[in-house]
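In what follows, a structure is listed as structure tokens, so that the remarks can point back to it.
In this note's numbering, the protein residues as written are -1 to 299.
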């Protein structure tokens, strides 16, 4: 009999998974999976649970939670020789990766999608000793994702990040960095850089509009030094995906990116604090197989 393991964050989405867990387990059992569940208990627990699921060679793992939970599961998967197919039940406030895949928010509908069986191998990223499935970056503005409260995110969505950025900008100082990407070099003061694997970042769906999740390349976005007026204009353009042609923006593709800051610069990984730079960003091409909606199946294979 096939075996499935559900790794879920009981605190995500107003503890919604507690309500839906019996239904999800029943649906998996009826589909022929001997199913068990693991409730995470704190930071890093989902990573350990994912490593164990790989070692025990489950046929299916379902990650239920927000982007933070999914990032931990990805990190637990990444270095394992056997990696089960991975399904996602988006239970967080932003759910950037699930949004990029156009997964349903309802856990039962998301489980139905998994059981339809359409899956696709997608890229993930690695920086130093950490992994990410969606976004990594640096610069004070990238800290919006973890300085904006969950309550603000839930109430205002992407507007919460915009307002927080406007609030922070007068006190933000640009950082002098050297960024090497596939033979090119950017060495100057910047407000932020983003290494994107998807088009959905902090609730915005057009920051990296050309991102493809299985092409072996990152989308690299660098925002050069700006003043408040320039930032407000760019933020407005970013809502429509029109910022990438602006003179203050470098937008390109790269497989490997090396970032060396002159002074201390923090690293943001999938919306959470990821340590300090410098860092080398490497694309792990088609590294994990995810369940996707039928319309994505077979695209860009």
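Glycine residues also receive a C-beta, built at the ideal position from the N, C-alpha and C atoms.
Here the structure is a predicted model, which means the values were calculated and not measured.
Helix, strand or coil at residue i according to DSSP, with G and I counted as helix
{"i": "residue 112", "result": "helix"}
{"i": "residue 138", "result": "helix"}
{"i": "residue 207", "result": "coil"}
{"i": "residue 41", "result": "coil"}
{"i": "residue 50", "result": "helix"}
{"i": "residue 227", "result": "helix"}
{"i": "residue 157", "result": "Unreliable placement is indicated for residue 157, whose pLDDT of 48 sits below 50; the coordinate value is still reported in the next sentence. Note: residue 157 maps to helix in three-state DSSP."}
{"i": "residue 80", "result": "coil"}
{"i": "residue 281", "result": "strand"}
{"i": "residue 239", "result": "coil"}
{"i": "residue 170", "result": "coil"}
{"i": "residue 100", "result": "coil"}
{"i": "residue 246", "result": "coil"}
{"i": "residue 291", "result": "coil"}
{"i": "residue 198", "result": "coil"}
{"i": "residue 261", "result": "coil"}
C-beta contact flag for residue i and residue j at 8 Å
{"i": "residue 80", "j": "residue 49", "result": "no"}
{"i": "residue 74", "j": "residue 37", "result": "no"}
{"i": "residue 256", "j": "residue 186", "result": "no"}
{"i": "residue 128", "j": "residue 282", "result": "no"}
{"i": "residue 35", "j": "residue 6", "result": "yes"}
{"i": "residue 286", "j": "residue 100", "result": "no"}
{"i": "residue 132", "j": "residue 268", "result": "yes"}
{"i": "residue 121", "j": "residue 274", "result": "no"}
{"i": "residue 76", "j": "residue 68", "result": "no"}
{"i": "residue 4", "j": "residue 39", "result": "no"}
{"i": "residue 91", "j": "residue 64", "result": "yes"}
{"i": "residue 246", "j": "residue 215", "result": "no"}
{"i": "residue 136", "j": "residue 219", "result": "no"}
{"i": "residue 108", "j": "residue 279", "result": "no"}
{"i": "residue 116", "j": "residue 292", "result": "yes"}
{"i": "residue 26", "j": "residue 51", "result": "no"}
{"i": "residue 98", "j": "residue 86", "result": "no"}
{"i": "residue 114", "j": "residue 57", "result": "no"}
Bridge partners - residue i, DSSP secondary structure assignment
{"i": "residue 3", "result": "34 and 59"}
{"i": "residue 251", "result": "217"}
{"i": "residue 126", "result": "Paired residue(s): none; residue 126 is not in a bridge."}
{"i": "residue 88", "result": "63"}
{"i": "residue 222", "result": "188"}
{"i": "residue 326", "result": "The displayed coordinates of the chain run from -1 to 299. Any statement about residue 326 would go beyond what the structure contains."}
{"i": "residue 10", "result": "In DSSP, residue 10 forms no bridge with anything."}
Residue i: first and last residue of the uninterrupted beta strand (DSSP E) it sits in
{"i": "residue 191", "result": "182 to 194"}
{"i": "residue 264", "result": "264 to 267"}
{"i": "residue 173", "result": "173 to 179"}
{"i": "residue 270", "result": "270 to 274"}
Nonlocal neighbours in the same chain, by C-beta distance under 8 Å from residue i, ignoring five residues either side
{"i": "residue 16", "result": "8"}
{"i": "residue 138", "result": "166, 170, 171, 173, 189 and 190"}
{"i": "residue 276", "result": "256, 257, 258 and 259"}
{"i": "residue 144", "result": "At residue 144 the pLDDT is 48, less than 50, meaning the model places this residue with poor confidence and gives no usable figure here."}
Nonlocal neighbours in the same chain, by C-beta distance under 6 Å from residue i, ignoring five residues either side
{"i": "residue 18", "result": "105"}
{"i": "residue 130", "result": "123, 267 and 268"}
{"i": "residue 66", "result": "270"}
{"i": "residue 204", "result": "239"}
{"i": "residue 222", "result": "188 and 246"}
Residue i: first and last residue of the uninterrupted alpha helix (DSSP H) it sits in
{"i": "residue 29", "result": "Premise fails: residue 29 is in no alpha helix (DSSP H) and is neither H nor E."}
Beta-carbon proximity list for residue i, same chain, < 7 Å, skipping 5 on both sides
{"i": "residue 208", "result": "217"}
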